[in-house]
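The block underneath contains the structure these notes are about, expressed in structure tokens.
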Amino acid sequence: SPHSRVVSDKISGLLVAPEDNVSELHPLLRLPKGARRGYALLPPLLKVLSDRGDQNWESEAPRLQPESRALRYMKRLYKMSATKEGIPKANKSHLYNTVRLFTPCSECKHRHRDLMKGDVHSVDLLFNLDRVTALEHLLKSVLLYSFDTSVPISSSITCTCHLSVKEHDFSSQVCPSVSHSIAFSLHFELRKRKWAEIDVTSFLRPLIATNRRNIHMAVNVTCLMGDPQQNTKLENAINMALVPPSLLLYLNDTSEQAYHRWNSLRHRRKNPVRPRQRNSPLVDPMSDKGKENSQGKRA
Amino acid sequence: SRQRRAENLKEAPATPPYNLSEYFKQFLFPQNECELHNFRLSFSQLKWDKWIIAPHRYSPQYCKGDCPRVVGHRYGSPVHTMVQNIIYEKLDSSVPKPSCVPAEYSPLSVLTIEPDGSIVYKEYEDMIATKCTCR
């Protein structure tokens, strides 16, 4: 009937209508606001599942391919955090349920060498953190340096790092770049590891908490071979090609769909799973003791 | 009475010897009772392996089968399930029988590449069915 044709036109309109057409729709057909906003917030996996999976995900396929080092690091983190079947490992220390790795979207390198003071490697980095949702709370953040170095594996390395964050203060007309900076040195043994993690949590927390999604950083790293403690003379610089660092964020996603360890522990405490005793044929299946899936009984 | 019994026996057709355990089985539980079934998929089948790096395979499992009439104590089902069954059988067959659905789940860790090229490790709740119930 003409009426149903009108309705079906409206429904097809809903499926392809851009946002602004929604207002013409019959109120019953309008998605509740929260649902639309909620849908936009969904991580890609849940979006594609809510699109019944038949959506050709090419449109959302990653436009930029990540670096192979970054991919290798995250695969290693996955192996440490989950079993082969993808079940999260239940180790207490691991409170995060989300880890995001960002590679700098642009960097302008200033590279100058001053052999006496070691190989200063300074670089301006811009990280775009748009993928971090409002429900993801920062637990820890590190700058991840990977070393391409000809340094003998067993040597120890001492690095001094000078970090400054440039915030563009858009409130004022002149928009001076306010910068917070810290300097710190770290010492680590470059054994099998090809990574050095510089903890910048306290530094970034205020920015991420205030929803800064573009972090502009200048990082100067000076690395020398040897260990200051053993006051071995810090010999000449390591001629290492420092790859611009990635930014790693360990987050606690507080959304419904995310897995909350403490919640599952609490859930298990609330209704402990009854021990699965196989029902002996003598136990009356209808008595309270028989409370369990009939598979057990059948077995 | 002996004569009457003899007459009855003559009339009654000789019933084939019944396998008693088969006979009682139909009362104990229905053949394809509600239970957990295995299902494994790989993200390459869905052509999602371009952006889902790990795990390669995923076993969501599923629940399938008939719900026996007296389910109160077998599946941890609430009493309402039996009430719904009685409504279906005695009052209104348009009310659906209780269904075989998952009762418990376990989470899944997924490593994906986001559209902007960043990489994310995420743990999702309720991604693998681990137990079934009738509701």
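Just so you know, the sequences run in chain order U and S.
Numbering follows my numbering, in which position 134 of the first sequence is assigned residue number 134; successive positions increment by one, without gaps.
Numbering follows my numbering, in which position 131 of the second sequence is assigned residue number 131; successive positions increment by one, without gaps.
Idealized CB from N, CA, C, for every residue including glycine.
Worksheet item: Along the chain, where does the alpha helix (DSSP H) that runs through N85(S) open and close?
Response: On the second sequence, residue 85(S) is found 85 positions in, with the first residue counted as 1. Counting along the chain, the alpha helix (DSSP H) containing N85(S) begins and ends at V79 to I86.
Item to complete: Check whether the Cβ of Y124(S) lies closer than 9 Å to any Cβ atom in chain U.
Response: Here residue 124(S) refers to the residue found at position 124 of the second sequence. Contact with chain U is found for Y124(S), since one of that chain's Cβ atoms lies less than 9 Å from the residue's Cβ.
Worksheet entry | Proximity test, Cβ basis, 9 Å: T81(S) and chain U | In the second sequence, counting from the first residue as 1, residue 81(S) sits at position 81. Chain U, which has no Cβ nearer than 9 Å to the Cβ of T81(S), makes this no.
Worksheet item: Do L138(U) and I208(U) come within 9 Å of each other at the CB atom, strictly closer than that value?
Response: Translated into the one-based positions of the first sequence, residue 208(U) becomes position 208. Translated into the one-based positions of the first sequence, residue 138(U) becomes position 138. Yes, these two residues count as a Cβ contact at 9 Å.
Worksheet entry | Positions along the segment 80-99 of chain U whose CB lies within less than 9 Å of some CB in chain S | S81, A82, T83, K84, E85, G86, I87, P88, K89, Y96, N97, T98 and V99
Fill in: Rounded distance between the beta-carbons of C67(S) and S99(S), thought under 8 Å
The residue you call residue 99(S) lines up with position 99 of the second sequence. The residue you call residue 67(S) lines up with position 67 of the second sequence. S99(S) to C67(S), Cβ: 7 Å. Contact.
Worksheet item: What residues from the segment 92-118 of chain S come within 7 Å of chain U, judged by C-beta to C-beta, listed N to C?
Response: Taking 7 Å as the Cβ-Cβ cut-off against chain U, the residues of the segment 92-118 of chain S that qualify are S106, P107, L108, S109, V110, L111, T112, I113, E114, P115, D116, G117 and S118.
Discussion item. Could you check whether the Cβ of E197(U) sits closer than 9 Å to any Cβ belonging to chain S?
Written reply: Position 197 of the first sequence, counted from the start, is the residue given in the question as residue 197(U). No, E197(U) lies away from the interface with chain S (no Cβ there is under 9 Å from its Cβ).
Fill in: Residues that A54(S) contacts on chain U, provided the C-beta gap is smaller than 8 Å
Taking the second sequence and counting its residues from 1, one reaches residue 54(S) at position 54. Those are K75, Y78, A82 and G86, listed as they occur along chain U.
Worksheet item: Could one say the Cβ of T201(U) lies closer than 9 Å to chain S's Cβ atoms, at least one of them?
Response: Here residue 201(U) refers to the residue found at position 201 of the first sequence. No, because no Cβ of chain S sits closer than 9 Å to the Cβ of T201(U).
Discussion item. Counting only Cβ-Cβ distances shorter than 9 Å, please list the residues of the segment 129-147 of chain U near chain S, keeping chain order.
Written reply: Within the segment 129-147 of chain U, the residues whose Cβ lies closer than 9 Å to some Cβ of chain S are L129, D130 and R131, listed in chain order.
Practice prompt. Can you tell me which of E197(U), M80(U) and L64(U) puts its alpha carbon nearest to the alpha carbon of I113(S)?
Written response: Position 113 of the second sequence, counted from the first residue, corresponds to residue 113(S). It is L64(U).
Item to complete: Given a cut-off of 9 Å, decide if L111(S) and M74(U) are closer than it, judged by their beta-carbon atoms.
Response: In the first sequence, residue 74(U) corresponds to position 74, counting from 1. In the second sequence, residue 111(S) corresponds to position 111, counting from 1. Result yes, Cβ atoms of M74(U) and L111(S) sit closer than 9 Å.
Worksheet item: What's the C-alpha gap between P115(S) and L101(U)?
Response: Along the second sequence, one-based indexing puts residue 115(S) at 115. Along the first sequence, one-based indexing puts residue 101(U) at 101. Looking at the two C-alpha atoms, the distance is approximately 13 Å.
Worksheet item: Mapping DSSP to helix, strand and coil, what is F43(S)?
Response: In the second sequence, counting from the first residue as 1, residue 43(S) sits at position 43. Looking at F43(S) - three-state DSSP - the assignment turns out to be coil, as it is neither helix nor strand.
Worksheet item: Considering only C-alpha positions, which residue in the set C159(U), R213(U) and P104(U) is nearest to L247(U)?
Response: To locate residue 247(U), count along the first sequence from 1; it is residue 247. Here the closest residue by C-alpha is P104(U).
Discussion item. Between N128(U) and N211(U), how many whole angstroms is the CB-CB distance? I'm expecting something under 8 Å.
Written reply: Taking the first residue of the first sequence as 1, we reach residue 128(U) at position 128. Taking the first residue of the first sequence as 1, we reach residue 211(U) at position 211. That belief does not hold up - the Cβ atoms of N128(U) and N211(U) are roughly 13 Å apart, past 8 Å.
Practice prompt. Report the three-state DSSP secondary structure of I198(U) (helix, strand or coil).
Written response: Here residue 198(U) refers to the residue found at position 198 of the first sequence. Here DSSP, grouped into helix, strand and coil, assigns I198(U) to strand.
Discussion item. Contact criterion: CB-CB distance below 9 Å. Does Y62(S) meet it with respect to chain U?
Written reply: Working through the second sequence from its first residue, we reach residue 62(S) at position 62. Not an interface residue.
Item to complete: Answer yes or no: does any C-beta atom of chain U fall closer than 9 Å to that of R57(S)?
Response: The residue labelled residue 57(S) in the question sits at position 57 within the second sequence. R57(S) counts as touching chain U.
Worksheet entry | The beta strand (DSSP E) enclosing Y78(U), as first and last residue numbers | As a first step, residue 78(U) is located in the first sequence; it is residue number 78 there, counting from the start. No beta strand (DSSP E) holds Y78(U); the alpha helix (DSSP H) holding it covers S68 to S81.
Worksheet entry | Local conformation of L45(U) per DSSP, three classes | Counting from 1 along the first sequence, the entry for residue 45(U) is found at position 45. Reduced to three states, the DSSP call for L45(U) is helix.
Worksheet item: In chain S, what lies closer than 8 Å to A258(U) by C-beta?
Response: For the purposes of this step, residue 258(U) is identified with residue 258 of the first sequence, where counting begins at 1. For A258(U), the chain S residues whose C-beta falls within less than 8 Å of its own C-beta are K122, E123, Y124 and E125, listed in chain order.
Worksheet item: T103(U) CB to nearest chain A CB: under 9 Å?
Response: The structure shown has no chain A; the protein chains it does contain are U and S.
Practice prompt. Using a cut-off of 8 Å between C-beta atoms, extract the partners of P245(U) located in chain S.
Written response: For this step, residue 245(U) is matched to residue 245 along the first sequence. What P245(U) touches in chain S: nothing, since even the nearest Cβ is about 14 Å away.
Worksheet item: If the cut is a Cβ gap below 8 Å, which residues of chain S does A70(U) touch?
Response: Looking up residue 70(U) in the first sequence gives position 70. Simply I119.
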